[in-house]
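Below: one structure, written as structure tokens.
In our numbering, the protein residues as written are 1 to 126.
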């Protein structure tokens with residue numbers, strides 16, 4: 001049996017561009033991609049924290065160190081510059097792989113600078 005698990009995420013990324021007339025996709029600073037284990041043309045789910053929109057697209061690379069998070073094409077209608085996003089990708093793992101499984105979680109500030117990186121999320125307290 002395969003389990004679909006969170007592979008990597010950019011948490012609280014800030015939209016720098018929303019380009020309606022671009023080919024589509026989401027351009028992401030390639031240094032952030034590397035840190036989160038994400039790849040160009042990989043499918044991603046985007047969760048807009050500001051308005052609750054959730055949508056799927058794919059990654060294209062933006063200049064390393066630029067801090068660019070550009071939502072393009074039709075998806076540009078689902079966010080505005082300044083909105084905060086959770087960008088996530090998932091992968092399937094066999095039971096035996098889950099022994100070593102650790103997602104790559106990258107937490108960003110409003111300038112898309114890395115605040116911290118982790119592979120665990122604290123237990124939510126009641």
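Quick reminder that beta carbons are idealized off the backbone N, C-alpha and C, glycines included.
Nearest to residue 40 by alpha-carbon distance, out of 51, 118, 57 and 65, is 57. Residues 2, 3, 5 and 101 of the same chain have their beta carbon placed closer than 7 Å to that of residue 93, with the five preceding and five following residues left out of the count. According to the DSSP assignment, residue 19 belongs to the beta strand (DSSP E) that extends over 17-19. Along the length of the region 20-86, whole beta strand (DSSP E) runs at least 3 residues long occupy 25-29, 43-48, 54-62 and 69-72, reported in chain order. Closest by C-alpha distance to residue 88, out of 47, 20 and 19, is 47. DSSP places residue 98 outside any beta strand (DSSP E), giving it a letter other than H or E. Shown here for residue 44: same chain residues with a beta carbon closer than 8 Å to its own, the five before and five after excluded, namely 26, 38, 56, 57, 58, 59, 87, 88 and 89 in chain order.
Judged by DSSP in its simplified three-state form, residue 91 adopts strand. The alpha-carbon of residue 103 is positioned some 18 Å away from that of residue 85.
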